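Protein chains in written order, with the numbering used here: chain F, 7 to 215; chain A, 2 to 92; chain S, 3 to 995. From the three backbone atoms N, C-alpha and C, an ideal C-beta is built for every residue, glycine too. Please read these numbers as outputs of a predicted model, since none were measured by experiment. The structure appears right after this line, and notes come after that.
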Amino acid sequence: MAEFSWIARSPLEKALVVGGYGARGTTAGVSLTEIRNFDLIQVMARRGKAAELAKAAETRFGVTAPNAPNAVRVPDATLIWSGPDQFLVLSKGGIHAMEKLSQAFSQSASLSDQSHARALISVSGGKARSMLAKLSSLDLHPAAFPAGTAAATAVDHTSINLWRGSDRPDGQAVFNLLVFATFAESLWHTMLDAAAEYSVEISHSEALA
Amino acid sequence: MRIVCPFCGERELGEFTYLGDAKSARPAAGASEDEVFDYVYMRDNVAGPMSEYWYHGGGCRAWLKVARNTLTHEISSVEPAAGVGAKQAAR
Amino acid sequence: MTSSQPYRLVSGGLIDRAAPLGFRFDGKSFAGFQGDTLASALIANGVKLVGRSFKYHRPRGILTAGSEEPNALVELRSGARREPNTKATTAELYDGLEAASQNRWPSLRHDLMAVNQLFAPIFVAGFYYKTFMWPARFWEAVYEPAIRRAAGLGRAAGVADPDHYDKAWAHCDVLIAGSGPAGLAAALAAGRGGARVILCEEDFALGGRLLADGGMIDGAPAAEWITRTLAELAALPDVRIMTRTTLFGVYDGGTYGALERVNDHLLSPPEHQVRQRLWRIVAKRCVVAAGAIERPIVFAGNDTPGVMMASAMRTYVARYAVTPAKRIALFTNNEDGWRTVETALGAGLQIAAVIDARPDVSAERRALAAKAGFAVLNGSVSGVEGGKDGVRKIAVSLTGGARAEVEADGLAVSGGWNPAVGLTSYHRGRPKWQDDIAAFVPDGAPPGMVAVGAANGAFGLGDCLRQGFAAGAAAAQSAGRSGNAGTSPTADEEAFSLTPLWHVAGKGKAFVDYQHDVTASDIELAQREGFESVEHLKRYTTLGMATDQGKTSNVAGLAIMAALSGKSIPETGTTIYRPPYVPVAIGAFAGHHRDENFHATRLTPSHHWAAEQGAVFVDTGLWKRAQWYPRAGEKDWLESVTREVKAVRSGVGFCDVSTLGKIDVHGPDAGAFLDRVYINTFSNLAVGKARYGLMLREDGIVYDDGTTSRLAEDHYFLTTTTAKAGLVMQHLEFCRQVLFPEFDVQLTSVSDQWAQFSIAGPSARELLKQVVDESEDLSNEGFPFMGAREVALHGGIRARLFRISFSGEMAFEISVPARYGDALVRNLMLAGKPFGVTPYGTEALGVMRIEKGHVAGPELNGTTTAADLGLGKMMSTKKDFIGRVMAGREALVAPDRQVVVGIKPVDKTRRLRSGAHIIPKGETPGPDNDQGYVTSVCFSPVLDQWIGLGLVERGRERIGEIVHAHDPLRGEDYDVELCSPVFYDPDGGRQRG
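If you want it as structure tokens, here you go:
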């Protein structure tokens with residue numbers, strides 16, 4: 007019998023080249039970091055069960071799950087609003103993977119595993135907003151899109167979930183994008199083109215920000 | 002054009018898909034062929050306020066009922082469809 | 003530097019004499035300075051002749067100093083970057099600039115096409131309509147090529163643009179168009195009020211008319227006020243000033259279009275930068291401070307080089323420190339024109355005379371004339387003597403009838419000012435007439451927009467400041483900002499007096515529309531022939547239809563028409579205004595979306611592995627799919643595809659089918675919901691089973707198909723075709739949210755979650771056994787045809803396995819979480835080595851589905867019913883479903899419908915082609931006996947001949963009949979046999995294994 011290896015391969019594995027990209031001789035205006043190997047579960051309330059789901063989510067996570075376009079951070083997960091009566095649970099290491107959550111929400115919600123359906127890209131840096139303005143029609147001004155804001159939106163005719171996480175230690179805003187995996191390489195190239203003039207710093211990480 | 006999604010807020014047109022007239026309701030199972038024919042084909046070509054279905058496919062995937070003036074593109078109201086999210090509808 | 007700029011003033015202007023720039027025009031080298039436009043630099047070098055006119059090839063010079071320029075259009079840059087019809091008046095000078103004049107041959111000075119002037123009588127209004135009527139066959143052969151050669155001004159580059167463009171969004175409370183006194187005052191008030199402000203200025207310098215006309219604001223020279231204001235604006239946190247940016251359109255919902263010429267002022271954009279950027283700006287309020295455009299007066303010879311708008315003349319002198327002429331005459335009908343005299347005298351230039359059409363020129367003006375030693379003639383310019391070297395003499399009709407002549411080499415003309423009403427009128431707004439300035443002013447505006455200053459017909463500096471400031475403060479407030487705007491800047495009031503004058507009768511061509519060579523007599527002809535309505539006038543004469551959109555000509559044209567038709571100007575009215583305000587390159591609208599970025603691309607989980615194998619990819623919607631995997635020595639695609647098919651039919655192969663749409667259907671009512679969506683029943687599907695389903699549109703026509711499996715009581719896994727994946731999701735959401743909200747069902751797209759592969763062929767099970775954990779029973783009993791369940795793979799990965807077949811072979815589809823898709827293909831290759839496992843592409847997939855008679859896109863073509871596809875029996879009679887009632891309509895169940903049937907050429911060596919029409923044997927092809935057509939074809943390795951599927955009238959009743967295939971497109975005619983669509987293993991024994 008053949009020896010199989012099951013190496014998980016990110017949809018950006020080929021396209022992402024760690025290091026600098028674009029304009030030289032200047033400090034990077036945009037940092038792009040792909041976060042790899044995460045668990046992502048779509049939780050959708052069943053009919054008439056929104057309140058029940060909210061209660062179950064509070065029991066599970068200790069916070070109120072978002073019922074408006076926000077992202078809520080708990081120590082081991084981020085709950086991201088994705089539509090009316092539904093949210094995504096982003097986590098690592100199986101703590102909130104499908105089999106765990108399906109028990110917690112079996113009475114109130116339908117769950118769908120999206121862990122492999124998306125790529126997660128984190129955008130930060132002094133020119134992050136200038137670069138994102140080329141992709142996104144949303145107003146990302148600090149006052150209009152404060153930390154913790156989430157949006158289900160489209161970039162380049164591709165659906166994404168976008169949310170602003172906690173600021174970097176240097177105060178820079180961090181924007182997180184969940185993009186469908188089969189679109190990821192295409193969007194990645196578009197992001198690089200948009201950011202090139204500002205100088206880009208590219209990396210990947212296993213850690214959720 | 003921009004549409005204020007009741008869930009996502011104001012968004013640009015490109016996130017939405019137009020379907021059309023939101024006035025007529027799908028006939029019940031026992032309806033006659035004529036009733037279904039009217040539902041499928043007969044539409045008023047409204048010049049003025051019209052109730053329309055729009056899909057926020059580039060956002061929260063909610064189907065919306067939009068009251069839009071076809072002459073001015075002025076939108077007077079946007080409401081979610083009856084079965085958006087976990088909304089309980091009468092059986 | 004090969005030129006000494008003889009027409010450059012030694013001091014003054016907003017140019018940087020320490021930064022000389024070299025440029026070439028028509029191959030000749032010249033010099034200019036930083037801060038010049040191409041037009042001002044040409045003037046500095048004494049170049050008066052810059053182009054030839056559109057129809058008559060008349061010599062033309064520079065008329066204006068802005069984006070309204072109709073004459074001075076050049077080809078800018080060279081090679082792939084050559085851009086025709088670029089306005090010299092807005093093109094910023096840079097070192098190394100190359101420009102060429104247009105519409106002349108062999109040279110600008112000696113243009114042979116100028117003979118057109120001799121034939122001028124035939125080029126009058128309606129020329130095309132009258133001349134190229136008949137014979138009809140001459141159109142394509144003679145007229146059109148000739149017209150195309152003669153038409154147009156500049157030449158396009160003819161090769162791909164090497165530069166990049168992009169698009170961006172911006173958001174603000176208050177958007178301001180224009181940085182003149184009104185615009186800056188508006189920005190100041192709105193910014194101080196706490197608003198997020200964006201100000202767009204099409205020029206590279208801020209200040210608008212202040213840059214040339216100066217004045218005193220708050221007791222200081224205008225230049226000082228600009229500097230102070232810009233400093234204050236820069237210190238405000240949310241005020242963004244965008245120079246080189248034209249606000250060109252307003253769209254619904256407070257969305258505006260703006261074009262930023264990011265790097266047009268450089269030889270080529272720096273690496274990684276764009277040439278131009280298209281902005282979509284979302285603004286709560288918009289203040290239009292776009293100013294006004296000075297209008298010409300129509301008189302004979304008014305297009306002679308050296309005739310220039312009065313405001314442009316003083317802009318060149320004051321802002322660029324160049325002298326368009328040595329001895330200047332002014333022809334004005336208003337007070338403002340006299341500013342040019344003041345500016346010219348201030349720069350030490352000679353004034354030949356002022357021809358003022360107003361009956362009463364003020365005593366101060368007369369005193370100024372006396373002091374400077376020039377005459378003030380009360381009357382009008384009736385003609386200009388001169389040619390390609392410019393103006394020599396000016397003929398004047400004095401009030402009272404006498405004639406006079408003025409010797410001058412430049413004529414400044416002011417017919418008054420037209421507010422720039424474009425932006426305010428783009429939502430079908432019609433401006434209103436204002437008598438005291440004899441001009442159209444905005445009458446309302448799109449929601450959220452207001453016009454101020456000259457754009458609103460207020461020409462005095464004090465008015466501009468006050469209106470701009472008030473509008474800026476109000477806009478900030480209505481956008482919800484409550485900061486204190488402080489007090490408005492002030493300036494002295496100025497009187498504006500004008501006596502309307504549009505057209506002076508005289509001998510010779512008098513131009514209304516310079517760019518399209520429309521003369522006053524063309525308008526007279528249009529009126530004589532009944533084209534009085536402004537919209538007719540526009541189309542009949544092409545007035546205002548050139549790239550300048552009639553900025554200097556429209557109002558004069560309709561004023562002349564009004565006089566001819568005995569109507570007032572407001573009665574005559576304006577044409578509809580439409581964006582864009584200035585031409586915008588298609589490249590800017592395309593932005594990033596060109597070449598490989600034309601649209602987003604989707605890659606399957608095995609894409610990079612397939613690329614390593616040398617797969618040939620095909621674009622399928624957004625997807626790149628492996629079409630076939632060529633091997634060394636194979637001479638064409640057919641050989642590769644045939645090998646792949648044979649390998650599957652005799653052994654085992656696999657194909658990435660991840661492109662199929664995949665949807666999780668959850669909830670207690672999932673089965674009942676699917677019963678409504680599909681024509682067949684899914685609520686009775688057992689857990690662990692898959693079923694083929696067909697969806698109709700509500701009109702009874704087939705919408706989509708695919709297999710759907712029940713993975714749990716309340717969980718179905720639905721698949722769609724690749725093409726309809728997104729649309730089916732939208733349709734299902736519509737069903738869930740709108741049509742059947744009573745069902746407790748939840749939908750999620752999982753298309754990207756699963757890497758899905760078809761593993762097909764007699765050895766498929768053996769191959770799978772190598773990959774799947776030993777504990778899994780894959781036998782026919784343990785996992786029969788149409789089974790669906792989760793399995794464990796070697797190494798701990800969980801997968802979903804479906805026993806479904808599209809190829810007619812024993813086949814499985816296996817799904818693994820997408821990040822393992824790449825590993826799975828590599829493992830399949832490894833494990834399949836002993837079985838000769840062969841990856842196959844979409845072509846082989848297609849061959850096998852045709853051999854098996856499965857329908858796909860060409861048959862699900864938006865005209866076919868379930869019965870047409872041979873699937874009529876699937877329609878349940880026990881439940882309601884979408885399309886049920888309409889599918890029963892008479893026409894959709896008619897016995898003579900075209901239905902799916904197999905087709906094979908009688909001559910087995912013959913190639914069958916899609917699109918060939920089916921005609922009864924022995925009959926002449928024609929629409930009356932057209933019985934259908936061939937939809938899908940392939941070369942069948944099994945049958946060793948070309949076969950196909952088709953839609954043929956009563957096809958199923960005619961199996962065995964020989965009919966005729968008529969292919970007029972390819973000029974082919976041959977006999978074919980109608981046969982069963984299932985060419986291969988008709989009883990299905992192979993797939994059931």
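Within-8 Å CB hit, residue i to chain A
i, result
"G89 of chain F", "yes"
"A187 of chain F", "no"
"Q739 of chain S", "yes"
"K61 of chain F", "no"
"A213 of chain F", "no"
"Q120 of chain F", "no"
"P75 of chain F", "yes"
"G54 of chain F", "yes"
Residue span of the alpha helix (DSSP H) that contains residue i, given as start and end
i, result
"A190 of chain F", "A187 to A201"
"R678 of chain S", "A672 to V679"
"I525 of chain S", "A522 to R530"
"K540 of chain S", "V536 to T543"
"G589 of chain S", "I588 to A592"
"I852 of chain S", "T844 to E853"
"N380 of chain S", "It is not in any alpha helix (DSSP H) - N380 of chain S instead sits in the beta strand (DSSP E) that spans A377 to G389."
"C466 of chain S", "L463 to S480"
Endpoints, beta strand (DSSP E) assigned at residue i
i, result
"R170 of chain F", "T164 to R170"
"P907 of chain S", "Q900 to P907"
"I283 of chain S", "Q278 to V290"
"T723 of chain S", "Segment: none, T723 of chain S is in no beta strand (DSSP E) and carries neither H nor E."
"M244 of chain S", "V241 to M244"
"Q352 of chain S", "Q352 to D358"
"K169 of chain S", "Y167 to A179"
Spatial distance of residue i from residue j (CA atoms)
i, j, result
"A103 of chain F", "P819 of chain S", "13 Å"
"R899 of chain S", "Q113 of chain F", "50 Å"
"M3 of chain S", "Y318 of chain S", "Residue confidence for M3 of chain S is low, a pLDDT of 40 falling below 50, so the modelled location carries little weight; the figure read from the coordinates is stated next. Between M3 of chain S and Y318 of chain S, the C-alpha separation is close to 22 Å."
"S660 of chain S", "D754 of chain S", "8 Å"
"V679 of chain S", "L734 of chain S", "8 Å"
Helix, strand or coil at residue i [DSSP, three-state]
i, result
"N73 of chain F", "coil"
"H610 of chain S", "helix"
"W227 of chain S", "helix"
"Y58 of chain S", "coil"
"P183 of chain S", "helix"
"Y935 of chain S", "strand"
"W12 of chain F", "coil"
"G15 of chain A", "helix"
Chain F contact for residue i (CB, 8 Å cutoff)
i, result
"Q615 of chain S", "no"
"P819 of chain S", "yes"
is_contact[residue i, chain B] using C-beta, thresh 8 Å
i, result
"V67 of chain A", "Among the protein chains in the structure shown, which are F, A and S, there is no chain B."
The ligand MG heavy atom lying under 7 Å from the CB of residue i
i, result
"A564 of chain S", "Questions concerning the ligand MG fall outside what the structure shown contains, since it holds no ligand whatsoever."
CB contact flag (residue i, residue j, <8 Å)
i, j, result
"V24 of chain F", "V206 of chain F", "no"
"V199 of chain S", "V241 of chain S", "yes"
"P943 of chain S", "T644 of chain S", "yes"
Beta carbon proximity, residue i to chain S, threshold 8 Å
i, result
"W194 of chain F", "no"
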